[in-house]
Each structure stands twice: as C-alpha cells, then as structure tokens.
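Residue numbers (our numbering): 8 to 166.
Here it is in structure tokens:
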C-alpha cells in the first residue's frame, strides 16, 4: 500500500483514539482494519467503560472485522493502530492472520502516558513456574482427552 493511504488510515485510527478518549474513561487508542482499501472494522479502547480488560482498540477492531466479514481469518487485511500493539493485541494479530500492521506511536510513548507493557513482556518470557502470578498444573492426562477428541473430529475447522 502506498504511504498516502497508510497516512489516511493512521489518521483515522488516531481520530478514533482522540474522539473516544475525550471522556477520560476510554483509553487513548484507536484502530482500523482495512481490506482492499475499505475499512472492514474499527475500534477504540473500551477497557474501563466495558469493564473488559481485553477490550483494547486493536481487539475490538479485529472482532468487528471478523464479525462483519463473517470469518475468523483476516488474511489480506492491514491493521492500523494509533499505537504499537501490546502483547495481548500482538497475539490476536497473529491468531487473526493479518498481513500487516502499521502504527503511529511506540510502546515507549504509551509507557510515558501510563500504559506500560514492560512488566507483561518480562513475565511472558519467564517459564510459568517463575511468574509473579501463581500457576499450577494438574491432571494433564484428563486435559489431553479434549485434544484427542479434537484431533479425531472430522468436522473440526482448523485455525
């Protein structure tokens, strides 16, 4: 995509961030998903307003695009975000199979505004036994039955 189109969609993502964070409740983040020069999903931070820690701008834009396109796969799409996506959003981007991500601000810019992901990134890098939040594993054999049933299911939709 050419840089003038990238600029157009980034401006749209930033406008969503500004418009929806004016109330002081919605965080200053906006995102749009674009396929073939058409916005197929947009979102803004709704964590506090929706009482949902996963309601980041990128997640809501991805959810809306998937709903409107009637798919869980967003290949052929680009995500434009007002800020570099956090670790959770990064994972969703990969799960959705987006082709490309374009962002305006960096993670360090978000950290200066009070949105710091550095601790989460450190925790992700640790083995689960060493993380700050207590983790435990139990009855793995029982849990494996779900995977065995999935593998044998002829109607499964791989993702």
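Note that beta-carbon positions come from the ideal geometry of N, C-alpha and C, so glycine has one too.
Keep in mind it's a predicted model, so treat the numbers as computed, not measured.
Whole-number beta carbon distance between residue j and residue i, since they are thought to touch under 8 angstroms
i: residue 136; j: residue 130; result: The pair is not a contact, with the Cβ atoms about 12 angstroms apart (cut-off 8 angstroms).
i: residue 118; j: residue 66; result: With a Cβ gap of about 20 angstroms, residue 118 and residue 66 do not count as contacting.
i: residue 110; j: residue 92; result: 7 angstroms
Cβ of residue i within 8 angstroms of any chain C Cβ
i: residue 32; result: Chain labels in this structure do not include chain C; a single protein chain is all it has.
Residue nearest to residue i in terms of C-alpha spacing, selected from the options
i: residue 86; options: 43, 153, 158 and 35; result: 43
i: residue 57; options: 126, 34 and 94; result: 34
i: residue 32; options: 39, 41 and 62; result: 62
i: residue 102; options: 81, 126 and 157; result: 81
i: residue 74; options: 59, 125, 47 and 147; result: 47
i: residue 51; options: 109, 22 and 143; result: 22
Residue i vs residue j beta-carbon contact at 8 angstroms
i: residue 37; j: residue 72; result: no
i: residue 112; j: residue 96; result: no
i: residue 94; j: residue 127; result: yes
i: residue 166; j: residue 79; result: yes
i: residue 124; j: residue 132; result: no
Residue(s) in a DSSP beta bridge with residue i
i: residue 88; result: 38 and 110
i: residue 46; result: 41
i: residue 142; result: Paired residue(s): none; residue 142 is not in a bridge.
i: residue 157; result: According to DSSP, residue 157 bridges with nothing at all.
i: residue 135; result: None; residue 135 has no bridge partner.
i: residue 51; result: 37
Spatial neighbours of residue i in its chain, beta-carbon cut-off 6 angstroms, leaving aside the 5 residues before and after
i: residue 24; result: 35, 36, 37 and 89
i: residue 20; result: 37, 38, 39, 87, 88 and 89
i: residue 142; result: 135
Beta-carbon proximity list for residue i, same chain, < 7 angstroms, skipping 5 on both sides
i: residue 83; result: 42 and 106
i: residue 148; result: none
Proximal residues to residue i (C-beta, below 8 angstroms), its chain only, five neighbours per side dropped
i: residue 157; result: 163
i: residue 60; result: 54
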